[in-house]
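Novice: Protein chains in written order, with my numbering: chain A, 22 to 381; chain B, 104 to 365; chain C, 1022 to 1111.
Virtual Cβ for every residue (Gly too), placed ideally from N, Cα, C.
Handing you this structure, nothing more for now.
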Amino acid sequence: MQGNDACAEGAIAAGCRFFAGYPITPSSEVAEQMARKLPKVGGTFIQMEDEIASMAAIIGGAWTGVRSMTATSGPGFSLMMENIGYAAFTETPCVIINIQRGGPSTGQPTMAAQGDMLQARFGSHGDYSVIALAPSTVQELFDLTVKGFNLADRFRVPAFLMSDEIIGHLRERVEFPDEVECIPPKPIREGMLPFEPEDDLVPGFTPFGKGHRVHVTGLTHNEKGYPASTDPDLHEKLVMRLVEKVERARHEIADYDIVNPDAEIVFISYGAPTRAVRQAFLDAPEKSYGHLNLRIVWPFPEDLLKKFKNARVFLVPEMNLGQIAREIQRHVDQPVIPIPRLGGELHIPAYLLKCAEEQE
Amino acid sequence: MSVEDWYRVDRLPHIFCAGCGNGTIINCTLEAVESLGWKIDETIFVSGIGCSSRAPGYISTDSLHTTHGRALPFATGVKMAKPNFNVVVFTGDGDLSAIGGNHFIHACRRNIDITVICMNNQIYGMTGGQGSPCTPKGALSTTTPYGMDENPFDLCELATAAGANYVARWTSYHVKELNQAITFGLQKPGLSFIEVLVQCPTNYGRRNKLRDVQSMISAMKDHALLKEKRDRLLAEGKPIPDGMFVVGTLTDRNRPALGVKQ
Amino acid sequence: MKLVIDDTRCKGCNLCVMVCPYHIFQEGRTSNRRGIFVPELDRPERCTNCRLQPLYQRRLCGVCQMICPDQAISWLHEAPFEPHKVVIEY
């Protein structure tokens, strides 16, 4: 099955019943599958006039209490930034599939890249925090789509599935579980205000039509949801909470694979380059390099880096000019060497081995 | 239930300037909603950014105050995900026709079952009186200090051409007619677009020799030309006086609509 | 029915002065403690709605209330007239 189709299957399995999208290579297959499948399960598909509207529509859909999703690629992702900031600020749970392609601008529509990783985290103006997942196989694309919905609902944030053209268009064997775990958002507790945080800093979710008469605004709002944009303390408290609610759970929700934690030379990868690293390990079984594969990139779980006690150097193959390598360097004293690969093709395993050998 | 129940009384008085007509339009809308017996928990008010878009914050339903120009896609999302909700959009001329122009024509094309009430004050009021796509030719604003030299949009013709089912234009002076038009628009399946010309004495009138509310209202009253009268003038081959705008029900048709309540 | 202006909401725009067919509203001459010249009522018992709403069981006229941008104008129910016993003290 193709990656994008698996993504759509995952979304439907996770209970997604509203999809608004705009065609863009290489993510169009997600929209096509959703258009075909959603009406059969009682959901709604709508093709909007642009990505700004798609993102707006899924936020509207999410506030009616329906699991909502959109899918796009780089240029559309840039357009969505405005409303992604809105979703983060109004704590709207929604899922955005980004099948990344080469950029900047129109770039390489049919080739892969991972150039949107920092945009996913910092793209909209102001401070906020989001969750970004990175699948490296078609099976993971299915599983992480489901997981993305659950995390988005749990933390009330937009969750990004930062896949890329390689995984999106890859055909691989996928096993669908009989039943996937769907955890609905925590409902609002009796007597609580719509934006009043509980102990985990996440307010209970009260969709429209439930009698709570919630006012959702992109202005700085108090716990009732009313605008209070000139109160400096309130704004600081609100933004701190929005960042903190995700960031402080980063080790708890971390999803990763570790190979050979005693190694001196450690590869760190996420998404498609993980496949190249795995192949390199298969090609050179005599070498004992370490490998950390991240399935959740944002919030960045920096404690995982400490698990490599003997690490001397970290090699980070990425399909960009070292966006996550920069994040890793913030947390470790050892040298972090990015292995960038632009142009749309995956790293060649032999080249990765050569890079590692240079460090021996 | 009374109209007062539809207000978030704890938030009044609202932030609109003295003499601003937005409050009048909220009155007319809520009066219409109330007369139809709609339930507060089944009605959603959506808005974008601007003076007009502050309105849902004073209405006690679930409400969505969104990003600039994007009220219609948000409303589309709400309506498509849950067609049982009654969705009303408050928007302004800058919000709807400038940054949200594309969303506007596509919402009209889809003919989605929402009611759009555009408070057209012919200026960007909240940001301090910059020219908007509906600023009349020659009018002064902070960004057109020598007079507007672009042609304004006729939003009603735009909505009609794009496919809306019901299009009407009134002013904030014609409260009774406006109330009837909104009542009709709310019941109409498909997109109902009601443009309301509204006085902005603070940022429009002050720079255009209409400093007080009374003179702005009189100007609107004097320049409003009933559609029936315009049709009569046209039939008789008489010229239509300069500077007049047409008020009344401009379009009323039954094209297939999207997202209608089952 | 009794016509009242809520002076905590009124912003003194005088639109009611403009629209009332009976000229019940007169421009205010003194400012209240918020510095707003709230219109004064000139013989409000002349208002059609005050007089006839109980009879027709619906809103009559009501233009002032609908045009008031600040939701300040409303009608209050008054207790129906009850004959009082007048005690005359000598």
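1) Assign residue 125 of chain B to one of three DSSP states: helix, strand, or coil.
2) How is residue 102 of chain A classed by DSSP in three states: helix, strand or coil?
3) For residue 212 of chain A, is the classification buried or exposed, using 16 other Cβ atoms within 10 angstroms of its Cβ as the cut-off for buried?
4) Quick check: the Cα distance between residue 291 of chain B and residue 359 of chain B, rounded to an integer number of angstroms?
5) Could you tell me which residues DSSP puts in a beta bridge with residue 68 of chain A?
6) Is there a Cβ from chain B that is less than 8 Å from the Cβ of residue 1070 of chain C?
7) List the residues of chain C whose Cβ lies closer than 8 Å to the Cβ of residue 298 of chain B, in chain order.
8) For residue 170 of chain B versus residue 104 of chain A, is the C-beta spacing smaller than 8 Å?
9) Check this for me: beta carbons of residue 325 of chain A and residue 336 of chain A, under 8 Å apart or not?
10) Based on the DSSP secondary-structure assignment, which residues constitute the bridge partners of residue 319 of chain A?
11) Which runs of the beta strand (DSSP E), 3 residues or longer, sit entirely within the segment 267 to 309 of chain B?
12) Let me confirm a value: residue 223 of chain A is counted as buried when at least 16 other C-beta atoms fall within 10 Å, else exposed. Which label applies?
13) Report yes if the C-beta of residue 272 of chain B is less than 7 Å from at least one heavy atom of the ligand HEM; otherwise report no.
14) Quick one: any contact between the segment 117 to 133 of chain A and the segment 41 to 59 of chain A, if contact means 3 or more CB pairs under 8 Å?
15) So is residue 1033 of chain C in contact with chain B if we call contact Cβ pairs under 8 Å?
16) Using only CA atoms, which one of A:189, A:136, A:178, A:147 lies nearest to residue 162 of chain A?
17) Quick check: residue 271 of chain A and residue 322 of chain A, are their CB atoms within less than 8 Å of each other?
18) Under 8 Å, Cβ to Cβ, is there at least one residue of chain B near residue 1024 of chain C?
19) Does the distance from the CB of residue 177 of chain A to the CB of residue 206 of chain A come in under 8 Å?
20) For residue 338 of chain A versus residue 303 of chain A, is the C-beta distance shorter than 8 Å?
21) How far does the beta strand (DSSP E) with residue 279 of chain A in it extend, from its first residue to its last?
22) Fully enclosed by the segment 123 to 148 of chain A, which alpha helix (DSSP H) runs are 4 residues long or longer?
23) Could you list which residues in chain B have their beta carbon closer than 9 Å to that of residue 1084 of chain C, in chain order?
24) Just how far apart, CA to CA, sit residue 343 of chain B and residue 150 of chain B?
25) What's the C-alpha gap between residue 267 of chain A and residue 133 of chain A?
26) Leaving out the 5 sequence neighbours to the left and right, which residues in its chain are closer than 8 Å to residue 263 of chain B when beta-carbon positions are compared?
27) Using Cβ-Cβ distances below 7 Å, what residues of the segment 228 to 239 of chain A are close to chain B?
28) Below 7 Å on C-beta distance, what does residue 206 of chain B contact in chain A?
29) Counting only Cβ-Cβ distances shorter than 8 Å, please list the residues of the segment 306 to 330 of chain B near chain C, keeping chain order.
30) So if DSSP puts residue 187 of chain A in a beta bridge, which residue, or which two residues, is it bridged to?
31) State yes or no: is the beta carbon of residue 1028 of chain C nearer than 8 Å to at least one beta carbon in chain B?
32) Comparing the C-beta of residue 184 of chain B with each C-beta of chain A, is any distance below 8 Å?
33) Can you confirm whether residue 103 of chain A, when its beta carbon is compared against all beta carbons of chain B, has any partner nearer than 8 Å?
34) Hey, quick one: how far does the alpha helix (DSSP H) through residue 163 of chain A stretch, first residue to last?
35) Using a Cβ-Cβ cut-off of 8 Å, state whether residue 121 of chain B counts as contacting chain C.
36) Strictly below 7 Å CB to CB, what residues from chain C border residue 124 of chain B?
Specialist: Result, derived from the coordinates:
1) helix
2) helix
3) exposed
4) 11 Å
5) A:42
6) no
7) Neighbours of residue 298 of chain B on chain C: none; closest Cβ ~18 Å, over 8 Å.
8) yes
9) no
10) A:153
11) 269 to 274, 295 to 300
12) buried
13) By its list of ligands, the structure shown contains no ligand whatsoever, and the ligand HEM lies outside what it can speak to.
14) yes
15) yes
16) A:189
17) yes
18) no
19) yes
20) no
21) 277 to 280
22) 138 to 143
23) 278, 279
24) 35 Å
25) 28 Å
26) 270, 353, 354
27) 229, 230, 232, 234, 235, 236, 237, 238, 239
28) 70, 74
29) 316, 317, 320
30) Residue 187 of chain A pairs with nothing; no bridge assigned.
31) no
32) yes
33) yes
34) 159 to 176
35) yes
36) 1090
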